[in-house]
Amino acid sequence: MNQTKALTEFNLGASLGEAVLCMQGSRLDQELTRIAQTVVNSPDVRFVPQLTAAVSAEHERCHVSAEAFYVLSGKQGMYSETDLAKLRMLAQLTGKLLAARTQLDQRFKASAEAQLQQSQILDQIHESVITMDLAGFIISWNRGAENLFGYSANEAIGRNILFLYDEEEADGLRLFDSFLENGGREMEVRRRKKSGEVFWASLSLSPLCDSHAQPIGMIGYLSDITERKRAEEQINHLAYYDLLTDLPNRTLFKKLVDKALLQSQRNNSIGSLLFIDLNRFKPINDTLGHAIGDLLLKQVAERFRLALRENDVIARLGSDEFAIGLLDIPQDIHAGLVAQKLLTTLDQAFWVEGHELRIGASIGISIYPQDGMEADQLLQKSDIAMFKAKRNVERASGSYAFYDNEMNRTIAGRLYLESGLRRALQHAEFSLLYQPKVNIVTGQMIGVEALLRWNHPKKGMISPAEFIPVAEETGLILQIDAWVLETACEQARQWQEMGIAPFRIAVNVSAKEFTSTLPSRVYEALAQYQISPAWIELEITESMLMHSAESVITIMDEIAALGVTLSLDDFGTGYSSLSYLKRFPIKTLKIDRSFIQGVPSDTDDCSIAGAIISMAKKLRHKVIAEGVENWEQFAFLKDAGCDEIQGYLFSRPVSSDQITEMFARDFHFSV
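Positions 456 to 1126 (the working numbering) are the ones given, in order, by the sequence shown.
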């Protein structure tokens, strides 16, 4: 109790000191009244800076000074001696603080008068001169300050200097702390005028001291340097940017790349540099003139820029040479896919001043860290690889080559898959298999997941893990997803005509397909095959929820309104926000197989799986575990409260005919 009382008295004392030293006028009167009411615990006490007729002789008064009082309303004798003692003590302390402030003000005024004599001289020039006390409250404001900021002296004096600060600047109070520690200094700052315009100023601070050389304030000298700063920015732009394309030049490119590579080194990530030399540019430039050549280069630069991510760096090195820094890529081969994308941008003809022009490029690729640790090294290696690409031009738009021959072979395999995927869509090489989903208590098959398979005419069955990333990189995943949805709906129609009651057919949805047009495409597929929405369940991955959550919720709500079930696949790998998760219209959470593999021997996997099941129950979601392969995993999941399981323990993915047979026999798995 004594500690609490002491703490309260300390806080009140601190508030009183801050009020007397930092406030003036009515604000000070109001704060002193508030403190007194807190001390006496009564609303009937107030601070009166001067006696008036409204304060009668019957009021209890506690002298603060000759003029000021704390006044208790009501007749004498209405308050206890304890309250009066507290108020007298408060009045005594307030009087001492006000006297100390008066002395400080007098010392400041005496010193400031000498300083302000100098400001009369400065009034005759354009420089802005402002004097402040140690708390930053403006004491004087010369004519130069009026001209610079647009505020008159009457508008500025008495206000804290912070009202002139640009919102983007750091907390202005740090300025005073640093000033008191380090003394006067010069700096370039951003300030705001009365009109709202933000400008650059050169600020010089000098201390304002009393006769004892103690600081009592400061003087600031400001001048507008906005034009100088603009000139510096223009000079900097000329030094680091290409005048024709406005892209970074070689100097800036190497600086940006080296800085990014340091970050890549800390993150243990991969980077790549692409060296691009345009094919057939010299004949165009020599024949049609440099003006046409310059316009063509600007169009090429714009096409390249639009084909890249925001965090990629593109530069013009000179003449018809460009460089691109891919500073954070998931795999080495991604650089080859970007090179292919850049070459594709050159397939379409350029129109320049009525001339139809076609141009290609040779692209050399180097990889960080295996080909070099610095921009210079990587540029040199990619330049060498570019000459290799020039010797092996395979198409009109050009070719590319890796500095590493093994990388060339890898990307060639990736391109082989890409061309094969386009053919597979046209020649019905895709098919669907169905893996049962089983009720963990009854063993009943309650649904299936539709799984895509590709039977290549030469290579045979190709794993989805091999071709799905290529499909996503090239955008072919949109056509593949559409085929999967339609095929699943067509199969549901066949089962429906056989008299089989609707059960959920789970279809995976890629991130690229999850757009505002998805609800209408699902509706059209259901209408085309005239099936109930109870047949279809859309599985979306958790990582899809991490960006533009509000738009995702809107799309999901529209799908749920159709009667189609939504489930969240690979849960636990995407770090989705629980605040959003509870807003998603999701029926089921699917625990990622990576958390099931170690169950029950791995305590971490057990903890994660158990936590997901517990959380899902609280959110009223069903839980399904995928990748269940043994009875030990089954037993753990059942005890933890999991609802459904899917995995090789019960069935591998099978054909639609086998699923039909299971339903015809009312088949139950043994649990």
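Idealized CB from N, CA, C, for every residue including glycine. These numbers come from a predicted model, not from an experiment.
In the DSSP output, what is residue i paired with across the bridge?
{"i": "W655", "result": "R645"}
{"i": "H911", "result": "G915"}
{"i": "V1078", "result": "L1044"}
{"i": "F1026", "result": "I1046"}
{"i": "W806", "result": "E811"}
{"i": "I895", "result": "DSSP lists no partner for I895."}
Where does residue i land, buried or exposed, given buried means 16+ other C-beta within 10 angstroms?
{"i": "D1112", "result": "exposed"}
{"i": "R764", "result": "exposed"}
{"i": "S837", "result": "buried"}
{"i": "S975", "result": "exposed"}
{"i": "F1122", "result": "exposed"}
{"i": "R598", "result": "buried"}
{"i": "P912", "result": "exposed"}
{"i": "I690", "result": "exposed"}
{"i": "E904", "result": "buried"}
{"i": "D741", "result": "exposed"}
{"i": "M544", "result": "exposed"}
{"i": "N496", "result": "exposed"}
{"i": "G472", "result": "exposed"}
{"i": "K1045", "result": "buried"}
{"i": "G726", "result": "buried"}
{"i": "Q795", "result": "buried"}
Only counting the same chain, and skipping five residues up and downstream in sequence, which positions put a Cβ closer than 8 Å to that of residue i?
{"i": "S1125", "result": "G898"}
{"i": "W1086", "result": "L1104"}
{"i": "P504", "result": "D484, E522 and A523"}
{"i": "R948", "result": "Y984, Q985 and I986"}
{"i": "T1115", "result": "W950, M953 and I955"}
{"i": "Q754", "result": "F805 and V807"}
{"i": "R614", "result": "F592 and I593"}
Go through its chain and collect everything with a Cβ distance to residue i's Cβ below 6 Å, but skip five positions before and after it.
{"i": "P1108", "result": "L888, Q890 and L906"}
{"i": "V644", "result": "A656 and L658"}
{"i": "L872", "result": "F922 and V925"}
{"i": "A830", "result": "K709, V712 and D713"}
{"i": "F634", "result": "Confidence at F634 is low in this model, with a pLDDT of 47, below 50, so its placement is unreliable and the value that follows should be read with caution. Here the set comprises L660."}
{"i": "A625", "result": "Per-residue confidence for A625 stands at a pLDDT of 45, beneath the threshold of 50, marking its modelled position as unreliable; the derived number appears in the next sentence. There are no such residues."}
{"i": "R705", "result": "L772"}
{"i": "L707", "result": "Y695"}
Run through DSSP, which three-state label would residue i get?
{"i": "E884", "result": "coil"}
{"i": "Y620", "result": "strand"}
{"i": "K551", "result": "helix"}
{"i": "I1100", "result": "strand"}
{"i": "A956", "result": "coil"}
{"i": "Y823", "result": "strand"}
{"i": "M828", "result": "coil"}
{"i": "I769", "result": "strand"}
{"i": "G875", "result": "helix"}
{"i": "D1121", "result": "coil"}
{"i": "Q786", "result": "coil"}
{"i": "M587", "result": "strand"}
{"i": "R501", "result": "strand"}
{"i": "N963", "result": "strand"}
{"i": "N597", "result": "coil"}
{"i": "Y889", "result": "strand"}
{"i": "A523", "result": "coil"}
{"i": "R735", "result": "coil"}
{"i": "A625", "result": "Low confidence applies here, because A625 scores a pLDDT of 45, under 50, leaving its location unreliable and the question unanswered by this model."}
{"i": "E776", "result": "strand"}
Does the Cβ-Cβ distance between residue i and residue j come in under 9 Å?
{"i": "S1056", "j": "A1095", "result": "no"}
{"i": "V893", "j": "L782", "result": "no"}
{"i": "I747", "j": "I739", "result": "yes"}
{"i": "W990", "j": "I960", "result": "yes"}
{"i": "Y855", "j": "L798", "result": "yes"}
{"i": "Y676", "j": "E582", "result": "yes"}
{"i": "L716", "j": "Y823", "result": "yes"}
{"i": "L1023", "j": "I1014", "result": "no"}
{"i": "L702", "j": "A790", "result": "no"}
{"i": "L728", "j": "S817", "result": "no"}
{"i": "T557", "j": "G672", "result": "no"}
{"i": "G853", "j": "G815", "result": "yes"}
{"i": "E1099", "j": "I1079", "result": "yes"}
{"i": "C664", "j": "A590", "result": "no"}
{"i": "S965", "j": "L1017", "result": "no"}
Near residue i, what residues of its chain come up, given a Cβ to Cβ distance below 7 Å and the 5 sequence neighbours on each side ignored?
{"i": "D1012", "result": "P1040"}
{"i": "Q492", "result": "P498 and V500"}
When you compare the CB of residue i with every CB in chain B, is at least one pair closer than 9 Å?
{"i": "S774", "result": "Here there is only one protein chain, and chain B is not present."}
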